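Just so you know, we're using the numbering used here here: the sequence shown kicks off at 6 and counts up by one. Each residue gets a CB set at the ideal place from its N, CA and C atoms; glycine is no exception. Given the structure is predicted, the values throughout are model-derived calculations rather than measurements. What follows is a set of notes on a single structure, which appears directly below.
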Amino acid sequence: MIIAKAIATFFATLVIVKVYDEFRHGRENIIMLFFWLATWSTVLTLAFLPGITFWLRENIFGPDTGLGTIFGIGLIFLLFISYRLYIKADRAERKINKIVTELALKDLDKD
Numbered sequence: 006m007i008i009a010k011a012i013a014t015f016f017a018t019l020v021i022v023k024v025y026d027e028f029r030h031g032r033e034n035i036i037m038l039f040f041w042l043a044t045w046s047t048v049l050t051l052a053f054l055p056g057i058t059f060w061l062r063e064n065i066f067g068p069d070t071g072l073g074t075i076f077g078i079g080l081i082f083l084l085f086i087s088y089r090l091y092i093k094a095d096r097a098e099r100k101i102n103k104i105v106t107e108l109a110l111k112d113l114d115k116d
């Protein structure tokens with residue numbers, strides 16, 4: 006369980022620092038900042054207070070299957086990968102918009 010906590014803490018810290026840096030430099034909006042802060046705060050809460058997941062699982066899904074930790078670690082990796090993909094796609098979109106705007110302005114100047 007200590008390994009799961011360490012992995013969750015590492016990735017949560019990494020994402021929170023990166024998303025704050027993106028926000029600070031104007032490459033991220035405040036809604037996405039709060040979304041990722043809430044998401045990774047929830048991940049940390051569940052990693053350090055696993056009793057919440059046991060309670061939810063027993064009340065929603067029934068008895069323990071024993072794979073919760075493995076699936077939890079997998080979820081952490083998936084969330085981290087989805088964050089990185091979102092950032093890369095957003096940057097590509099911004100670059101494309103900038104290039105299109107510059108080309109349109111050049112065409113306008115030629116006319």
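- Around Arg32, the same chain offers Asp95, Arg96 and Arg99 as residues with beta carbons nearer than 8 angstroms, after the five sequence neighbours per side are excluded.
- In terms of CA proximity to Lys10, Val48 leads the group Lys23, Tyr25, Val22 and Val48.
- Spanning the alpha carbons of Ile8 and Tyr91 requires a straight line of approximately 27 angstroms.
- Ile21 is a Cβ neighbour of Leu42, given a cutoff of 8 angstroms.
- For the pair Arg62 and Phe85, the Cα-to-Cα distance works out to about 23 angstroms.
- The Cβ atoms of Phe39 and Ile81 do not sit closer than 8 angstroms to each other.
- Taking every protein chain shown into account, the CB of Trp45 has 16 or more other CB atoms within 10 angstroms, so this residue is buried.
- Contact annotation: Ile35 and Phe28 have beta-carbon atoms nearer than 8 angstroms.
- Distance check between Phe53 and each of Gly77, Val24 and Tyr88 places Gly77 closest, using alpha-carbon atoms only.
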